[in-house]
Every structure is written in C-alpha cells, then in structure tokens.
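Okay, structure first, notes after.
Written as structure tokens, this is what we have:
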C-alpha cells in the first residue's frame with residue numbers, strides 16, 4: 393500500500409457519512425418529559441444566513457447537541473444532512489407526546505451543493521447551513537495523527553536540507569525533501585514525533601502522536617524536491633516529516649451520545665497548557681474500541697478529592713482494640729468519604745483512532761485539566 397493510500401485510509405475516519413445519522417435516528421424518540429426545553433423557546437424560527445443546526449437547536453433545547461434525536465427527517469433528508477436553508481421555518485411541536493422539530497418549507501426547488509477537491513466558502517443564501525460552525529473545527533480536522541510504533545510511518549517524506557546552514561526554518565523559507573510523491577499533490581503537512589500517549593489509570597500504551605507543525609507546498613518535484621514552508625506553528629527542523637494534505641474535508645458532523653457507558657480520562661491538552669477552556673483541543677484515552685466515533689458528545693467531570701469523615705466512628709475505640717490485642721496500633725485511622733465528581737463541561741469528539749480520540753471543549757464551567765473524566769452525558 394502506498395504512503396498516499398495509507399494516509400487516505402487514516403484521514404477517511406474524519407469524513408462523516410449520513411449513515412451515522414440514519415443509525416442515530418433509528419433510536420426511540422424522546423418523550424416530552426425526557427427533553428430539557430428552553431423556558432423562553434419559540435414555537436417557530438426562521439432560518440437566517442449564518443445559522444447552524446447546533447445554534448438553531450439551542451433556541452429550543454437546553455442540550456442543543458441532542459438535536460438529531462428529535463428532528464423529523466425522511467429518508468432523502470437522512471441521506472444528506474445539509475438540508476436546511478435560509479428562509480426555512482423550524483417548527484417545534486408534539487406528536488403522540490413526543491417533541492419534534494420539523495420544517496415548514498416554502499414551496500419550490502432548493503439548490504444542491506456540489507463538492508470540489510478543496511473546501512470552498514459558499515454563499516449561504518444558496519447553500520444549506522452546516523451542522524456546527526466550520527471554523528471551530530477546521531483547523532484541527534486532519535492534524536492529529538496516531539501511530540502504533542515510535543518510528544511513525546515507514547518511508548515517510550522528510551526535510552533533509554535547506555539552501556543555507558541555518559538549522560531552524562519558518563514560514564516563507566525553502567527546504568529540500570526526499571520521498572515526495574508527485575501523485576500525492578503539491579500540498580503537504582509537516583510533522584514531528586510528539587507525545588507517547590498512555591491510559592490515565594492503567595498506563596496502557598495507546599500510541600505515538602505525530603505533532604503537527606505546519607504546511608508546505610512543492611515548488612519543484614524531483615528525487616530531491618524543493619518546497620516552500622507556507623505556514624509554521626513552531627520552528628521547522630531538518631528531519632521533520634512530510635505527509636500529503638487531504639484533498640477533501642467534509643465539515644459536517646451530527647452530535648450524539650455514545651451507545652454505551654464511557655469511562656475515559658483526558659490525558660493531554662493542546663500545546664503545553666496546564667489547563668484549558670472552551671474551544672480547546674484535548675486528547676481522551678478512549679477510541680473506536682470503546683464505542684466512540686466522530687460526533688460523539690461526552691460530558692467532562694472534574695474529580696473531587698476525598699474528605700475526612702467528621703462523623704463519630706462506630707468502630708470499637710482504639711483503647712478497647714489495644715486491650716484486646718496489645719500489638720495493634722493505638723491510633724484510630726482517619727476515615728475518608730468519596731465525593732462524586734462534578735460535571736464541568738461538554739466535549740465534542742471529531743477525530744478518532746482505535747484507542748485515542750481528539751475532541752474540542754464546547755463549554756466549561758471551570759478549567760479543564762489532565763485527569764478530568766470523560767463520560768456519557
């Protein structure tokens with residue numbers, strides 16, 4: 393299998409399929425008393441330019457990420473999640489005791505959107521609205537990569553030299569690289585081996601992270617290709633790796649709770665941060681083997697330290713225990729009480745590997761730190 397094929401296979405996990413939506417809609421509808429509706433919710437809302445499904449649903453639901461559970465969609469709509477347009481009217485009503493969101497759509501044909509080899513910004517007056525704001529996730533869509541070996545991807549392209557003796561490179565500099573396949577295109581991502589990822593509790597080895605550094609464009613192909621560094625998040629060095637940039641990115645996700653209980657931990661934060669908040673990137677020690685997929689929503693819980701139990705002990709006194717057994721310690725051990733963890737935020741999973749997932753913090757009532765729990769909301 394070629395390097396490009398391997399990369400395309402890896403990146404393929406990012407592309408949302410409408411099949412996920414169909415599976416989700418197969419679940420039983422929510423009863424009226426199961427949903428938390430906004431107190432001042434409207435009965436009808438006219439879709440505006442710049443709206444998203446997430447934002448519209450937030451006008452009706454206190455948990456807007458649950459919008460797929462109550463949208464009334466037919467089979468054609470399920471096949472294409474991009475199906476709501478500016479001017480459509482969203483209606484909230486009840487059918488047989490179940491809350492439903494549906495469309496009161498003006499008569500007439502709707503435009504169809506076509507995909508191109510790259511992301512395009514379309515006029516929302518003539519294009520369907522997205523699920524969530526594309527700008528929130530676009531910078532992270534295909535950046536994180538996890539490998540199973542510390543050496544990364546075999547026979548990967550690498551930066552080997554520059555036109556002068558400077559060691560550090562940055563945006564606008566030209567470098568030379570080997571193993572650049574012309575069939576893979578002119579746009580490439582720059583990586584460097586990063587963190588070793590382990591489970592927070594069991595310390596199981598989960599994988600080796602390739603850290604995204606920037607982008608490069610081929611200026612001249614050949615056995616030694618000449619490339620321009622077009623962006624750099626940090627310094628670019630010799631021996632940094634190059635991987636073909638994905639040719640197409642679909643920015644459409646359907647949020648949903650996992651099908652089963654999840655008991656994961658946040659094991660890493662974006663960059664070298666000690667704590668993060670809304671819109672931050674985090675790494676979770678759970679993946680596809682644990683039932684996660686693109687669009688999974690998890691609740692973040694902050695563990696609470698145990699506290700000493702202030703209540704009088706019902707155990708025999710230390711003196712009586714010492715009299716019965718002089719070899720025992722006279723000191724009464726302190727008893728501790730566990731406190732349930734406090735929910736502190738919501739996490740949206742957008743990139744999934746076998747044992748590791750990446751998510752973006754949707755909201756947080758307190759700073760998110762390494763060791764926070766990630767569970768089914």
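Numbering (this note's numbering), first residue to last: 393 to 769.
Glycine residues also receive a C-beta, built at the ideal position from the N, C-alpha and C atoms.
Remember, predicted model here, so these are calculated numbers, not experimental data.
Tell me residue i's beta-bridge partners as DSSP assigns them.
i	result
residue 550	570, 633
residue 579	609
residue 665	Paired residue(s): none; residue 665 is not in a bridge.
residue 648	688
residue 760	668
residue 458	DSSP lists no partner for residue 458.
residue 438	481
residue 588	600
residue 561	628
residue 696	731
Keeping to the same chain, check which residues put their C-beta closer than 6 Å to that of residue i; ignore five residues upstream and five downstream.
i	result
residue 758	736
residue 496	481, 483
residue 726	700
residue 743	536, 750
residue 433	452
residue 764	658, 692, 694
residue 679	744, 745, 746, 747, 748, 749
Tell me where the beta strand (DSSP E) around residue i begins and ends.
i	result
residue 606	597–612
residue 737	728–744
residue 767	765–767
residue 431	Note, residue 431: premise wrong, no beta strand (DSSP E); not H, not E.
residue 751	749–756
residue 486	481–487
residue 594	Counting along the chain, residue 594 falls outside any beta strand (DSSP E), and DSSP gives it neither H nor E.
residue 671	Careful: residue 671 lies outside any beta strand (DSSP E) and carries neither H nor E.
residue 491	490–496
residue 653	No beta strand (DSSP E) holds residue 653; DSSP gives it neither H nor E.
residue 620	616–624
residue 539	537–539
Alpha carbon to alpha carbon, how far is residue j from residue i? Give it in angstroms, no decimals.
i	j	result
residue 538	residue 599	6 Å
residue 579	residue 604	14 Å
residue 766	residue 700	26 Å
residue 655	residue 570	43 Å
residue 697	residue 762	15 Å
residue 572	residue 589	29 Å
residue 591	residue 435	46 Å
residue 754	residue 704	43 Å
residue 454	residue 606	38 Å
residue 420	residue 487	Here residue 420 scores only 39 on pLDDT, less than 50, and its place in the model should not be relied on; the value that follows carries that caveat. Answer to the nearest angstrom: the Cα atoms are 13 Å apart.
residue 602	residue 491	45 Å
residue 636	residue 596	30 Å
residue 669	residue 682	25 Å
residue 676	residue 657	6 Å
residue 625	residue 608	12 Å
residue 756	residue 769	14 Å
residue 441	residue 734	37 Å
residue 771	residue 447	Here the chain covers residues 393 to 769 and nothing more, so residue 771 does not appear.
residue 428	residue 693	20 Å
residue 445	residue 745	26 Å
residue 732	residue 558	54 Å
residue 666	residue 546	33 Å
residue 457	residue 544	35 Å
residue 479	residue 443	11 Å
residue 760	residue 437	34 Å
residue 623	residue 610	13 Å
residue 684	residue 581	26 Å
residue 593	residue 431	41 Å
Can you find the residues in the same chain that come closer than 8 Å, C-beta to C-beta, to residue i, ignoring five residues on each side of it along the sequence?
i	result
residue 493	449, 452, 459, 462, 463, 464, 482, 483, 484
residue 615	570
residue 775	Lying outside 393 to 769, the shown extent of the chain, residue 775 is not represented and no answer is given.
residue 560	627, 628, 629
residue 613	572, 574
residue 674	658, 660, 661, 662, 668, 739, 750, 751, 752, 753, 760
Which residue marks the beginning of the alpha helix (DSSP H) containing residue i, and which one marks its end?
i	result
residue 450	445–450
With a threshold of 7 Å on Cβ separation, who are the neighbours of residue i within its own chain once the five nearest residues in sequence on each side are excluded?
i	result
residue 555	566
residue 740	647, 689, 751, 752, 754
residue 778	The first residue shown for the chain is 393 and the last is 769, placing residue 778 beyond what the model contains.
ask   = Does the region 659–671 touch the region 610–623, meaning 3 or more C-beta pairs lie closer than 8 Å?
value = Contact annotation: the region 610–623 does not touch the region 659–671, with fewer than three C-beta pairs closer than 8 Å.
query = Does the pairing of the region 556–565 with the region 581–589 give three or more beta-carbon distances under 8 Å?
reply = no
query = Counting Cβ pairs, one atom from each stretch, are 3 or more of them under 8 Å apart for the region 649–656 and the region 683–699?
reply = A contact exists between the region 649–656 and the region 683–699.
query = Given 8 Å as the limit, is there contact between the region 546–554 and the region 622–641, that is, 3 or more CB pairs closer than that?
reply = yes
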